[in-house]
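Our numbering puts the sequence shown at residues 328 to 482. The beta carbon of each residue, even a glycine, is placed where N, CA and C say it ideally should be. Owing to the predicted nature of the structure, the values given are computational and were not obtained by experimental measurement.
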Amino acid sequence: LDMIKVADYIIFMAYDQHNNSSSEAGTVAGCDWVEANIKKFLGQEGVKPEKIILAMPFYTRVWNVTNGGLLSSAVDMKSQATLIPVDAKITWDDSLKQNLAEYEKNGKSYKVWMEDEQSLKYKLELVKKYNLAGGAFWRKGQEIDSVWTLIKENL
């Protein structure tokens, strides 16, 4: 049987674009990557939009990119704000629809592609743009409280 025909919903877990085993530092879920994969589901895979639930991350990764080495660890949305120093260099990436925080701490260089209300809003807009069935999130308890108002307003 064809999975697309028998499944009520397909949950597209749109995260881990870059993860602990990645060979380069990068975002967990860049909006351009998420959208490209939604288009793949709709086009190449032939999934109807009303069957797709877009799962979005409530976490990101902190990348230590010192001396040619590369280490990362997951950090939840709640902890992200206290982890990034106030003097971090923060720049907006318009294709990823995310802020990139770069900073040094204890002689090591760090990068964090931030998952926050701004990045989440753009991913929620993709649900509307492509008339998807809805949204899901990984994982409850990792979010900041204010995202629920944003989700309510945009889904």
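Within 10 angstroms of its Cβ, does residue i collect 16 or more other Cβ (buried), or is it exposed?
| i | result |
| --- | --- |
| Leu482 | exposed |
| Glu431 | exposed |
| Met330 | exposed |
| Val333 | exposed |
| Gly373 | exposed |
| Met340 | exposed |
| Trp363 | For the record, residue 363 in the displayed sequence is Ala; it is not Trp. Its Cβ having fewer than 16 others within 10 Å, Ala363 is exposed. |
Suppose contacts are defined by Cβ-Cβ distances below 9 Å. Is residue i in contact with residue j by that definition?
| i | j | result |
| --- | --- | --- |
| Gln407 | Met441 | yes |
| Asp359 | Tyr386 | no |
| Arg388 | Val355 | yes |
| Ile380 | Gly434 | no |
| Leu477 | Lys448 | yes |
In the DSSP output, what is residue i paired with across the bridge?
| i | result |
| --- | --- |
| Ala428 | Ile417, Val439 |
| Val389 | Ser400, Val439 |
| Ile379 | Ile337 |
| Phe464 | Met383 |
Since residue i is in the alpha helix (DSSP H), which residue starts that stretch and which ends it?
| i | result |
| --- | --- |
| Ala352 | Careful: Ala352 lies outside any alpha helix (DSSP H) and carries neither H nor E. |
| Lys457 | Lys is not the amino acid found at residue 457; the sequence shown has Tyr there. Run containing Tyr457: none; DSSP gives neither H nor E here. |
| Leu477 | 474 to 481 |
As a quick exercise: from the options, pick the residue whose alpha carbon is nearest that of residue i.
| i | options | result |
| --- | --- | --- |
| Asp335 | Glu351, Pro376, Asp343 | Pro376 |
| Lys416 | Ser436, Leu423, Leu397, Ile337 | Ser436 |
| Trp390 | Asn364, Gln371, His345 | His345 |
| Leu398 | Val474, Ala463, Lys438 | Lys438 |
| Asp421 | Leu410, Pro412, Asp414, Lys450 | Lys450 |
| Ser349 | Gln371, Ser400, Lys378 | Ser400 |
| Thr409 | Gly396, Ile337, Ala428, Thr418 | Ala428 |
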